[in-house]
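Asker: The sequence shown maps to residues 1 to 153 in full-length UniProt numbering.
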Amino acid sequence: MSTTADTSHAKSMQIRSATAADAGSVFELLKQLGTEYAPDRAAFDASFVHAIDDEAATLMLVAEQPETGVVGYAFATVAHLLHTNGSSAQLQELVVDGSVQSSGIGTRLVEAVEAVCLERGVRQLTVPSRGSADFFERIGYRSTADFLKRVFD
Numbered sequence: 001m002s003t004t005a006d007t008s009h010a011k012s013m014q015i016r017s018a019t020a021a022d023a024g025s026v027f028e029l030l031k032q033l034g035t036e037y038a039p040d041r042a043a044f045d046a047s048f049v050h051a052i053d054d055e056a057a058t059l060m061l062v063a064e065q066p067e068t069g070v071v072g073y074a075f076a077t078v079a080h081l082l083h084t085n086g087s088s089a090q091l092q093e094l095v096v097d098g099s100v101q102s103s104g105i106g107t108r109l110v111e112a113v114e115a116v117c118l119e120r121g122v123r124q125l126t127v128p129s130r131g132s133a134d135f136f137e138r139i140g141y142r143s144t145a146d147f148l149k150r151v152f153d
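1. Classify Ile-139: buried if its beta carbon has 16 or more other beta carbons within 10 angstroms, exposed otherwise.
2. Can you grab the Cα-Cα spacing for the pair Val-71 / Ala-57, in whole Å?
3. Relative to the C-alpha of Gln-65, which residue among Arg-41, Ile-105 and Asp-54 is closest?
4. Beta-carbon within less than 7 angstroms of Lys-31's beta-carbon, same chain only, minus the 5 sequence neighbours each way: which residues are those?
5. Are there 16 or more other CB atoms within 10 angstroms of the CB of Leu-61, so buried, or fewer, so exposed?
6. Checking 8 angstroms against the spacing of the C-beta atoms, do Thr-144 and Ser-88 come in under that value?
7. So, do the segment 19-29 and the segment 39-50 have three or more beta carbon pairs nearer to each other than 8 angstroms?
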């Protein structure tokens, strides 16, 4: 048995498009995201339907292990921007269950998002990330801007 967590969890895992049946698992993972918003199930359900049905504007992938089910997800939005000469995607959420973090699953999810973006002709993928910049820099991303935010209640 390998002592490297990196190989054990990620090898037996499948990355696939999310389906309606994944809603409960994704909602539980969302609780681990740690943002200033407390997950609201009714709001989540309305947004989740859009996330899995609107392929032109969204990309929703899950990481699933045969023995434990869904252990991570990635959610990206796609928009047509003028300055990128085509579509641009933004990785909005990336969550891997705490019990399997640091096992390569997050990297596999990002790589899968990148592959789908390339298939769709997306010109750039951006990641607004305050807490996990080190992770993204380790896999080849570089900081190019600060994001400012205003929350509307």
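The beta-carbon is built from N, C-alpha and C at its ideal position, and this holds for glycine as well.
Answerer: Answer, in terms of the structure:
1. It counts as exposed.
2. Rounded to the nearest angstrom, the two C-alpha atoms are 24 angstroms apart.
3. Nearest C-alpha to Gln-65 among Arg-41, Ile-105 and Asp-54: Ile-105.
4. Taken in chain order, the residues that qualify are Pro-39.
5. So Leu-61 counts as buried.
6. Judged by their CB atoms, Thr-144 and Ser-88 are not nearer to each other than the 8 angstroms cut-off.
7. Using a C-beta cut-off of 8 angstroms, the segment 19-29 makes contact with the segment 39-50, since at least three inter-stretch Cβ pairs fall below that distance.
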